[in-house]
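Residue numbers (this note's numbering): 89 to 422. Ideal Cβ placement from N, Cα and C applies to all residues, glycine included. Computed from a prediction, not measured in an experiment: that's the story for all the values here. This report refers to the structure that appears directly beneath it.
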Amino acid sequence: MVQIVQDIWWHIDEIYYPKKCKRYRQIVQFFTDERTSNLNFTNKYFFGLKVYGRNSSRKEVTFYEKTMGGEYYIVLNLDLDSFPLVPHEIYENSNYHDVKLEIEYFTWDDENNLDKSITRFQRITVYFIPSRLNEHEFSGKLHPEFTIKLPLGWKLEDSKKSEVILVISGIDEQKGQYFCEVLPLEVVSVIHEGGHRVYNCLSLNFETINEKYSNSNNHSFIANLYYNSRITRYSLFISLVPLAIGASSFLTILYGFICWFFEDWHFKIVEAIGTGFCIIILSFVYFYISLMKEGYHFDHSKRDFWLVSISLGFWILFLIKPIWEQILLNLEII
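Rendered as structure tokens:
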């Protein structure tokens with residue numbers, strides 16, 4: 089019973105809202121004469137597992153759960169008759185079937201990606217310009233190609249200088265020694281898919297990966313992929329607008345009340361500005377909600393809505409001043 093892995097690709101979708109999680113799509117192609125195949129998950133907390141046969145007459149592949157030796161497995165039930173035979177020109181054994189699968193699943197992450205060791209100034213910077221450290225763990229055979237898809241309004245820190253690092257560590261079974269190897273990945277292309285930035289990353293040391301971690305069984309290893317993502321300039325500008333609305337509303341209304349108290353004629357100007365402010369705030373709220381429905385993620389959306397709502401509330405109270413002035417006057421008459 090044999091399984092000969094030919095190719096493996098990883099497609100990673102980052103999801104930041106409403107909860108930070110990751111969507112993985114693993115494309116694997118192998119030659120086999122086995123009717124079952126095991127999937128070993130390094131992260132047990134996954135959901136939404138689906139397995140499709142890319143070159144099968146039956147689209148979806150059935151599976152069941154299994155625990156063996158303290159490890160958790162998903163066992164795939166392969167209907168080999170639905171997969172094509174490997175041609176003699178490629179492989180001599182005509183009993184092998186060419187199986188190409190797409191394995192899709194989600195994992196979630198409760199960890200706070202903000203390093204507790206950073207300085208107070210860095211914390212303030214991250215608060216106003218959100219960024220995240222992303223980590224992914226893989227096991228099994230490894231190929232040097234990864235595709236990373238980020239949420240709307242997010243990008244790698246710098247597509248030209250971004251550090252996408254693959255750290256491979258484990259035990260060399262021949263030497264019986266622990267090893268750790270750091271391999272930088274290069275972003276070879278950036279495409280836009282429905283507004284999302286999709287990064288294709290490739291290791292320049294692909295020969296090392298192919299020899300050590302793809303075609304060799306002498307290593308038992310875990311691979312970790314690291315990279316930083318940051319909010320785009322467009323999303324940053326949108327996220328700073330509520331702060332500007334809140335600050336300008338507070339200062340303008342404060343000035344208006346001072347003018348009213350001293351019966352200054354500038355009060356009429358502030359009143360006229362207030363109507364325009366309310367229209368701007370309501371328009372921005374509609375625009376902001378539309379972006380969120382499209383899939384844009386803003387780290388401080390709750391803060392933004394509170395700022396905008398409070399600002400709008402104060403402007404309404406300020407503009408209906410003549411109404412409660414008349415109420416106070418009537419109470420004095422009574």
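Going by DSSP, residue 407 is part of the alpha helix (DSSP H) stretching over 389–407. When secondary structure is reduced to three states using DSSP, residue 234 falls in the strand class. At the C-beta level, residue 270 and residue 252 stay beyond 7 angstroms of one another. Judged by DSSP secondary structure, residue 126 falls within the beta strand (DSSP E) whose first and last residues are 124–128. With a cutoff of 7 angstroms on beta-carbon distance, residue 192 and residue 113 are scored as near each other. 128 is the residue among 128, 108, 169 and 175 whose C-alpha sits nearest the C-alpha of residue 152. Cα atoms of residue 392 and residue 316: separation of roughly 24 angstroms, rounded to the nearest angstrom.
Taking a contact as a CB-CB distance under 8 angstroms, the pair residue 194 and residue 111 counts as one, their CB atoms being some 5 angstroms apart. Here residue 330 is buried: its Cβ has 16 or more other Cβ atoms, across all protein chains shown, within 10 Å.
Judged by DSSP in its simplified three-state form, residue 382 adopts helix. Nearest Cα to residue 227 within the set 257, 346, 233 and 360: 257. The straight-line gap separating the alpha-carbon atoms of residue 381 and residue 268 is approximately 43 angstroms. By the C-beta criterion, the region 329–347 is judged not to be in contact with the region 280–291, since fewer than 3 inter-stretch pairs fall below 8 angstroms. A distance below 6 angstroms between beta-carbons, with the five flanking residues on each side excluded, links residue 149 to the following residues of its chain, in chain order: 139, 141 and 164.
In the DSSP assignment, no residue is bridged to residue 335. Between the alpha carbons of residue 170 and residue 185 lies a distance of about 9 angstroms. Look at residue 174 here: in three-state DSSP terms it is coil, with no helix or strand label. A direct Cα-to-Cα measurement between residue 244 and residue 333 gives close to 29 angstroms. Residue pairing by DSSP places residue 195 opposite 110 and 134 in a beta bridge.
In chain order, 170 and 171 place their CB closer than 6 angstroms to the CB of residue 144, counting only its own chain and leaving out the 5 sequence neighbours on each side. Sequence-distant Cβ neighbours of residue 126 in its own chain, meaning closer than 7 angstroms and more than five residues away, are 161 and 163. Of all alpha-carbon atoms in 378, 372, 403 and 373, the one lying nearest the alpha-carbon of residue 361 is that of 403.
Ranked by how close their Cα comes to the Cα of residue 338, the residues 357, 327 and 406 have 406 in first place. Here the C-alpha atom of residue 359 lies approximately 44 angstroms from the C-alpha atom of residue 103.
Per DSSP, reduced to three states, the secondary structure at residue 164 is strand.
Residue burial annotation: residue 342 is exposed, with fewer than 16 other C-beta atoms found within 10 angstroms of its C-beta.
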